[in-house]
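Chemist: Residues in the sequence shown are numbered from 5 upward in steps of one, following the working numbering.
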Amino acid sequence: MFLLFVPLLALPFASSSYISKEDNLAKQADCPRTSIEEFHECLREIYDTYPWDRRVTDSDDRVVTSSTCRLGEFYASSDFVYECAFGRRGSKKLRSVGCRFHGDFGDIAMKIGETVREGAVSWRCQKNSLFGLGGEPVGAVPKWYRDITVFLGRRVDPRSVVNFFFLKSSQNSTNKKGRCTTMAQSWDDYLAYQEKVDGIQFTWNILPHSRDDAIKIPVPIGVFYQPLKERPLDQPQQPVLNYEPVLCQKKTCKAVLNPLCFVDYQGKSWKCNICQQRNMFPPHYAVIAEDRRPPELYPQFATIEYTLRNPKADILAPIFVFVLDTCVPEDELKALKESIQTAGAKEVRREQMENKLRESIGKPAGIGPQGPIAMLRASTMSNGASAGVKVSNKFLQPVSECEETLLGRLEDLQPDHWDFERGKRPLRCTGAAVTVAVALLEVSFPNTGARIMTFLGGACTYGPGAVIDNELKNPIRSWHSIREDDVPYMHKATKFYDALADRAAKNGHTIDVYSGALDQTGLYEMRSCFTKSGGHVVMTDSFKSSLFKQSYQRVFEKDSAGNLKMGFNATMEVKVGAGLKIRGLLGCCANGGAKTSAVSDKELGIGGTCQWKFCSLTPRATVACLFEVTAQSGAPIAQGSQAVIQFVTQYQGSDGTRRMRVTTTSRPWADMATQKPSITMGFDQDAAAVLMARLASWRATNEAETPEAVRWLDRSLVKVISKFAEYHKGDPMSLRLSDKFNLFPQFMFHLRRSQFLRVFNSSPDETVFYRHVLNKECVMNSTTMIQPVLYSYSFQGEPEPALLDTSSIVPDKILLMDDFFHVLIYHGQTIDAWKKMKYHEDPKYISFKQLLEAPVQDSQNILAERFPVPRYIVTEYEGSQARFLLSKVNPSLTHNNPYYAEGGAPVFTDDVSLQVFMEHLKKLAVSADD
């Protein structure tokens with residue numbers, strides 16, 4: 005390696021002292037490398053004779069001075085980085101804050117005082133110079149340089165480096181335009197930035213470089229990804245690109261051009277970082293250069309979106325089909341109709357359907373021997389068009405053409421008039437109704453974005469998909485009856501809905517289920533309908549509740565352009581570079597059936613493919629992709645290479661256009677034998693806890709809810725602590741965990757007690773609902789589900805986080821607990837007594853009134869941004885609803901604990917506390933075999 009000083013600007017200017025880029029590089033290449041002294045002397049002679057360009061410019065190559073610069077923004081010359089700041093007398097000045105290092109890896113931004121190394125030469129950034137140091141580097145090599153810039157493997161645009169990777173030592177600040185001027189300050193900041201902007205979060209951010217080492221790690225290598233993640237407003241916004249993406253020409257690859265590719269601007273070619281194929285740019289890219297690059301090559305746009313143009317395809321707005329349960333009381337149906345009127349609906353009675361079929365087919369009314377699906381298909385095809393092409397459909401029309409009729413029909417809708425005897429359930433044919441909706445879309449608009457929104461007021465009791473008979477004396481199945489296999493309807497109904505889900509997923513149609521009943525409605529049997537199609541599930545006691553009304557309204561949220569925040573009929577393909585294979589995916593989707601050599605034989609989750617079908621996507625939707633390291637110990641991955649992963653998502657936008665969103669990321673490899681501390685520092689305990697929760701839920705669902713899932717979780721936890729903790733063999737008191745692992749055991753403790761694995765006191769429908777939401781939400785929300793957040797309010801100061809422990813339940817404090825599904829306010833014994841005495845209504849006790857109002861305001865902020873809307877609970881000491889809080893806190897004080905009188909409220913439970921759990925964990929970890 006040798007040092008290359010590359011000018012920032014490629015365009016020459018009128019100056020006799022300017023030296024061209026080519027001449028400068030040629031002269032520097034001739035400098036001797038025998039010693040650092042000779043090399044420096046040669047460089048000084050070149051600089052004295054041929055001074056380089058020292059103009060300070062902005063990102064548009066315009067020269068700036070102290071008077072023309074903008075406060076808080078960065079600028080660069082060929083060798084230094086400047087910030088526009090206030091001088092001593094209030095005037096602006098260009099303050100030197102860093103250096104520009106021009107090396108073999110590209111142009112790097114450095115803070116003053118930092119050191120980097122290239123080859124045998126180390127360089128330290130000083131205020132007015134880049135000082136060369138012989139031999140080993142002085143000080144630590146900056147993590148951002150080692151982990152971010154080096155692995156890019158290409159020459160980085162200096163202006164992008166300044167605006168994106170530059171390390172600013174001062175606090176976060178924002179300029180007048182609202183643009184954040186503080187960039188990634190460390191490797192951890194870069195990871196947080198990627199999570200915030202691109203929706204990427206790894207369980208291990210530094211990967212073991214051999215298969216044997218990866219197998220020994222109990223927590224799998226996984227990546228959480230949000231395909232439709234919204235870019236934060238404080239980040240540079242990149243509009244959707246209205247041209248086709250550039251693809252790798254290798255037939256088995258077809259990866260998309262991205263910022264991590266090596267680009268030869270002079271030769272107009274690029275090297276695919278997935279398969280290493282060299283590709284030529286298309287003709288319309290002939291004008292690109294290092295200072296004129298397309299948006300997809302800027303490092304700040306690791307996620308880029310394209311609009312795909314297909315002149316043969318019609319642009320269709322998304323389709324909504326509403327399936328309403330009319331076997332409900334009149335007040336329930338009235339509330340449901342009021343909610344649906346916000347979106348529009350179409351209800352088709354049997355007589356109307358027969359009339360339409362008669363008109364279209366020209367035959368007498370009746371279903372006939374061919375069945376309803378064949379007749380619907382004939383009705384659609386009678387216009388002379390093939391399936392999938394936009395036709396004049398008699399069952400589905402634009403809202404603008406039939407809105408008046410829609411609202412009128414909806415208003416006329418009445419409860420089911422069929423009487424049912426006392427002691428019996430109404431005859432509800434949910435399975436048949438959903439089948440008609442699926443068939444209607446299947447023959448009218450296959451492979452087109454659509455939603456079937458199903459509203460259930462009870463369980464299906466008649467026809468296909470029945471989960472219980474109509475005798476009230478026969479209760480619907482429970483976990484106990486499932487374990488005893490005393491479920492005469494469950495297996496047949498589950499098989500029916502599985503087949504229905506496959507049909508819907510094949511055509512890109514989503515099935516949503518909104519349950520509004522006190523009893524179970526059959527979600528357990530219907531789970532594949534909304535799991536495979538990525539549909540919403542909202543579970544409430546009544547359609548009259550604000551929980552249902554607000555959740556339903558948020559389904560139709562719109563972005564700033566007025567489009568629904570939905571993606572339809574999507575497919576996501578994962579491409580990996582050398583060293584990785586795809587094991588599977590955990591999320592709400594269906595298998596896409598595309599298998600390549602990058603697919604592992606060891607499936608986990610929805611595996612055996614590199615492509616998955618998502619009938620519906622929202623900005624909140626998060627998937628977990630699992631990977632396997634393939635390199636053998638005898639042939640490890642080359643030093644300095646990176647594990648590259650690319651997510652390619654094609655979907656139909658709510659405006660009808662077809663889009664492609666591409667996100668590319670990478671992580672470094674490390675040798676477990678020599679670089680174990682590096683792998684340890686790359687552990688993300690939040691992501692790991694959520695991945696283990698998804699895996700445990702998946703195992704429990706596929707293993708008939710046996711305790712084996714919890715046993716697997718316990719074994720994995722012991723292995724993790726035994727491998728990465730510091731301890732003396734056989735001495736539990738010596739065990740110490742690093743900051744990267746110290747929260748992981750308590751996550752697992754609360755996960756074992758959570759509603760995802762503990763089905764006691766939960767119905768099968770409730771468990772399915774909880775697991776479905778877990779498989780759709782991001783890491784941060786999922787950790788809240790696993791370990792709820794608790795805040796304490798008192799007269800002593802501002803609200804503060806409190807331990808999720810019984811010791812936090814004290815008489816003179818108010819607690820606010822958020823477990824994602826519930827937002828609960830708990831008044832201590834003293835607070836509750838004062839409230840009952842109405843002190844808050846007395847003007848003399850205004851502070852008490854403010855104390856009562858503070859958690860209410862904070863809870864409203866939580867409720868306003870969440871979907872589904874959580875259940876809002878206000879309770880007090882010994883209140884019936886306090887059980888929601890007591891079931892979540894760590895039972896350090898129980899009725900059997902002699903120390904409960906020291907403070908806090910005892911919990912009546914036989915569960916072990918976190919303290920006892922940790923003691924046993926330590927004993928097992930220090931005695932475990934390597």
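Virtual Cβ for every residue (Gly too), placed ideally from N, Cα, C. Please read all numbers here as calculations on a predicted model, not as lab measurements.
Could you tell me the alpha carbon to alpha carbon distance between VAL687 and THR834, rounded to whole angstroms?
Modeler: Checking the sequence, you will find Phe at residue 687 rather than Val. Distance between the alpha carbons of PHE687 and THR834: 44 Å.
Chemist: Just mark HIS831 as buried or exposed, buried being the case when its beta carbon has 16 or more other beta carbons within 10 Å.
Modeler: buried
Chemist: With a threshold of 6 Å on Cβ separation, who are the neighbours of GLY571 within its own chain once the five nearest residues in sequence on each side are excluded?
Modeler: Listed in chain order, the non-local C-beta contacts of GLY571 below 6 Å within the same chain comprise LEU232, LEU621, TYR655, local neighbours out to five positions each way being set aside.
Chemist: Going by Cα to Cα distance, which pick from SER701, PHE912, ASN894, MET737 is closest to GLU882?
Modeler: PHE912
Chemist: If you draw a straight line from the alpha carbon of SER766 to that of TYR289, how long is it in whole angstroms?
Modeler: 59 Å
Chemist: Does the separation of the CB atoms of LYS275 and MET284 fall below 8 Å?
Modeler: no
Chemist: Would you identify the three-state DSSP class for ARG756, choosing helix, strand or coil?
Modeler: helix
Chemist: Starting from GLN615, trace the beta strand (DSSP E) in both directions and tell me its first and last residue.
Modeler: First-last of the beta strand (DSSP E) with GLN615: 615 to 621.
Chemist: Quick check on the burial criterion: 16 or more other C-beta atoms within 10 angstroms. Buried or exposed for TYR247?
Modeler: exposed
Chemist: Within this structure, are the beta carbons of ILE204 and THR669 separated by less than 8 Å?
Modeler: Between ILE204 and THR669, the C-beta spacing is below 8 Å.
Chemist: Would ARG531 and VAL772 be called neighbours here (beta carbons separated by less than 8 Å)?
Modeler: yes
Chemist: Please return the same chain residues whose Cβ sits closer than 6 Å to the Cβ of GLY427, not counting the five positions on each side in sequence.
Modeler: Hits under 6 Å: LEU476.
Chemist: Using only the alpha-carbon positions, how far apart do PHE631 and ILE586 sit?
Modeler: 5 Å
Chemist: With which residues is ASN595 paired in a DSSP beta bridge?
Modeler: TRP616
Chemist: Take HIS732 and list the residues in its own chain whose beta-carbon comes closer than 8 Å to its own, dropping the five residues that flank it on each side.
Modeler: SER738, VAL930
Chemist: On the three-state DSSP scale, how would you describe GLU351?
Modeler: Any answer about GLU351 is weak, because its pLDDT of 42 lies below 50 and its placement is not dependable; what the coordinates show is given next. If DSSP states are grouped into helix, strand and coil, GLU351 belongs with coil.
Chemist: For LYS848 and TRP838, what's the separation of their Cα atoms in angstroms?
Modeler: 13 Å
Chemist: Which residue marks the beginning of the alpha helix (DSSP H) containing TYR501, and which one marks its end?
Modeler: Note, TYR501: alpha helix (DSSP H), 494 to 510.
Chemist: Do PHE824 and THR788 have their C-beta atoms within less than 8 Å of each other?
Modeler: Closer than 8 Å, so yes.
Chemist: Would you report the Cα separation of LYS25 and PHE305, rounded to the nearest angstrom?
Modeler: Caution applies to LYS25, whose pLDDT of 40 falls short of 50 and renders its modelled position unreliable; the value that the coordinates give is listed next. Their backbone Cα atoms lie some 28 Å apart in a straight line.
Chemist: CB PHE745 to CB PHE760, shorter than 8 Å?
Modeler: no
Chemist: Starting from SER404, follow the alpha helix (DSSP H) in both directions and report where the run begins and ends.
Modeler: 403 to 416
Chemist: Identify every residue that forms a DSSP beta bridge with HIS513.
Modeler: ALA454
Chemist: Locate the beta strand (DSSP E) running through ASN779, then write down its first and last residues.
Modeler: Taken as a continuous stretch (DSSP letters only), ASN779 belongs to no beta strand (DSSP E), as it is neither H nor E.
Chemist: With DSSP run on the structure shown, which of helix, strand or coil describes MET570?
Modeler: coil
Chemist: Tell me which same chain residues have a C-beta within less than 6 Å of the C-beta of MET752, skipping the five on either side of it?
Modeler: If we look at MET752 and ignore the five residues flanking it on each side, its Cβ neighbours are LEU721.
Chemist: Between the segment 505 to 519 and the segment 686 to 706, can you find at least three pairs of beta-carbon atoms closer than 8 Å?
Modeler: no
Chemist: Can you give me the C-alpha to C-alpha distance between ARG671 and THR705, rounded to a whole angstrom?
Modeler: Rounded to whole angstroms, ARG671 to THR705 spans 32 Å at the Cα level.
Chemist: Would you give the residue range spanned by the alpha helix (DSSP H) that PHE534 belongs to?
Modeler: 527 to 536
Chemist: Quick one: any contact between the segment 438 to 447 and the segment 410 to 420, if contact means 3 or more CB pairs under 8 Å?
Modeler: Not touching, per the Cβ criterion.
Chemist: Looking at the structure shown, is GLN791 part of a helix, part of a strand, or coil, going by DSSP?
Modeler: coil
Chemist: Enumerate in chain order the residues of its own chain whose CB-to-CB distance from VAL325 is below 6 Å, with the five nearest sequence positions on each side excluded.
Modeler: ALA441, ILE456
Chemist: Mind checking SER396: buried by the 16 CB within 10 Å criterion, or exposed?
Modeler: Only weak support is given to the placement of SER396: the predicted model assigns it a pLDDT of 44, under 50, and the value that follows is read from those uncertain coordinates. SER396 should be labelled exposed.
Chemist: Whole alpha helix (DSSP H) runs in the segment 662 to 689 with 4 or more residues, listed along the chain?
Modeler: 680 to 685
Chemist: If you reduce the DSSP assignment to three classes, tell me which class GLN239 lands in.
Modeler: coil
Chemist: Work out the CA separation of LYS927 and GLU770 for me, nearest whole Å.
Modeler: Their backbone Cα atoms lie some 36 Å apart in a straight line.
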